[in-house]
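According to our numbering, the sequence shown is numbered sequentially starting from 1. Virtual Cβ for every residue (Gly too), placed ideally from N, Cα, C. In what follows, a single structure is set out as structure tokens and then discussed.
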Amino acid sequence: CTKSYFPKNRMAKDEDVYPSNSAPKNPDITSSTNSNSTTCHKKQHQKTKITSFQNGFIASIGAKSITIPADRLKILIQSQQSKYRHVGVFRKGGHGLINAFKNMHSELGWSGLYRSQGIALCRHGVHGGLGFFIRDNMQSRWNSKSNSTNNEKRLIPRHIFHFIIGACAGSGATLITLPLDTIRVKHTTNLKYSSYRQVWTDLSKTSSANLKSSKLVQKLFPIQLQNLYAGHLSAQFGVVIYAGCLFGFKD
């Protein structure tokens with residue numbers, strides 16, 4: 001974004017790079033340089049707003065499209081499905097990973113390996129896009145403020161602040177995408193659901209978790225919303241630590 005003010009046919013001298021105190025300063029050049037730097041910073045910040053979500057969305061979809069079969073197998077093991085509760089990496093007697101993938105294929109064919117892939121890609125794409133959008137914009141704002149107050153003592157250490165940025169990015173993305181994750185888990189673990197509409201219909205039914213909720217929650221939020229955000233506190237706790245450490249160590 002910066003432009004050179006040296007003529008094309010002349011080599012730059014030491015006086016040009018390191019001007020002496022006696023050398024006259026051109027106020028037009030100084031003001032033009034400051035204006036260009038301000039304009040470039042605004043364009044860079046605007047570019048961050050536009051591209052951070054797009055890049056995170058595409059990267060998350062690309063990565064998840066490769067790992068969907070393994071991710072579905074993980075969910076089946078965690079939910080203790082009858083055919084997968086004894087599956088392990090080094091287990092024998094038909095309980096290894098290869099046999100587990102064969103069981104998934106035998107149930108529904110190739111679609112068994114990629115069951116619920118539509119909502120899985122949507123969830124991870126939005127989650128990755130929002131996570132990087134929040135992280136990049138918070139990082140950009142913090143860098144601009146830290147540059148303006150470079151000589152002042154920072155109240156928060158750098159590594160702790162990056163942990164906070166990562167935690168906010170993960171928490172914000174999870175808060176929005178948790179309903180998609182709930183629908184996806186119910187759809188991928190129950191073969192009786194042939195469509196997402198059936199999952200949505202079942203979410204309108206009162207469950208034991210709704211009865212354990214406080215009366216205030218039962219009055220403020222409908223049953224479907226309560227079921228969509230079931231277990232959100234534990235999910236937030238896990239993602240705050242995970243995303244905070246992820247971006248904290250990276251940055």
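As summarised for the stretch 176-250, the continuous alpha helix (DSSP H) elements at least 4 residues long and confined to that stretch are 196-203, 208-212, 215-220, 223-228 and 232-250, given in chain order. Taking 8 Å as the cut-off, the Cβ atoms of Phe57 and Gly125 count as close. By the C-beta density criterion, Phe53 is buried, having at least 16 other C-beta atoms within 10 angstroms. Taking His127 as reference, the option from Leu228, Ser65, Leu180 and Arg72 with the minimal CA-CA separation is Leu180. Look at Pro69 here: in three-state DSSP terms it is helix.
The Cβ-Cβ distance between Arg72 and Thr188 falls below 8 Å. With fewer than 16 neighbouring CB atoms inside 10 Å of its own CB, Val89 falls in the exposed class. In the same chain as Leu76, and ignoring 5 residues on each side of it, the C-beta atoms closer than 6 Å to its own belong to Tyr84, in chain order. For Ile241, the closest alpha carbon among the candidates Gln218, Thr174 and Asn190 is that of Thr174. Taking 8 Å as the cut-off, the beta carbon of Gln139 is found closer than this to the beta carbon of Ile165. Per DSSP, the continuous alpha helix (DSSP H) segment holding Ser106 begins and ends at Leu97 to Leu108.
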